[in-house]
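Mind the numbering: the sequence shown is residues 463 to 573 in the numbering used here, read in order.
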Amino acid sequence: MDDLERTTTTVQTPAGKDLVTKEFITARERNVLRGAIAKNVEVKDGQASIESIDVAGIDVAEREMINAFVISYDGITENVTDKLLDGTPAEYDFVIGKCNELLTANFTSSK
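Set out below in structure tokens:
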């Protein structure tokens, strides 16, 4: 699916920058995110648990999430994660929060 076919949303961040995101991601993009997230989950006796958290794994998952959802930040379309990491934690956390909202809306549970 071409990105041009997807609806986008523009919101203003706490720092007053425009954040343009896709309203949804493809199944392929979602599966990449699932893989990054699942690295922190261990299954024992049919129960999922998180015994310890790999901070590097969280960084990878957040980077993948930004790459999947964010089209531009403050007019920048390349190296968006690096731009966000060079900014304030509040700005970065706002973008991650928006991506999480979109991610949750795109996950459907299977029965």
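Here a beta-carbon is modelled for each residue, glycine too, at the ideal position from N, C-alpha and C.
{"Check": "So, with DSSP's three-state summary, where would you put residue 507?", "Outcome": "coil"}
{"Check": "Would you please state the rounded distance, in angstroms, between the beta carbons of residue 499 and residue 518? I believe it to be under 8 Å.", "Outcome": "Contact doesn't hold; Cβ gap of about 13 Å is too wide."}
{"Check": "Nearest to residue 494 by alpha carbon, out of 480, 557, 531?", "Outcome": "531"}
{"Check": "With distances taken Cα to Cα, identify the nearest neighbour of residue 467 among 565, 567, 488, 481.", "Outcome": "488"}
{"Check": "Tell me which residues share the same chain as residue 415 and place their Cβ nearer than 7 Å to its Cβ, disregarding the 5 neighbours each side in the sequence.", "Outcome": "In the structure as shown, the chain begins at 463 and stops at 573. Residue 415 is therefore absent and cannot be evaluated."}
{"Check": "Does the separation of the CB atoms of residue 534 and residue 473 fall below 8 Å?", "Outcome": "no"}
{"Check": "By Cβ distance, which residues of its chain are closer than 8 Å to residue 562, with the 5 residues on each side in sequence left out?", "Outcome": "527"}
{"Check": "From the DSSP output, in three-state form, read off residue 566 for me.", "Outcome": "helix"}
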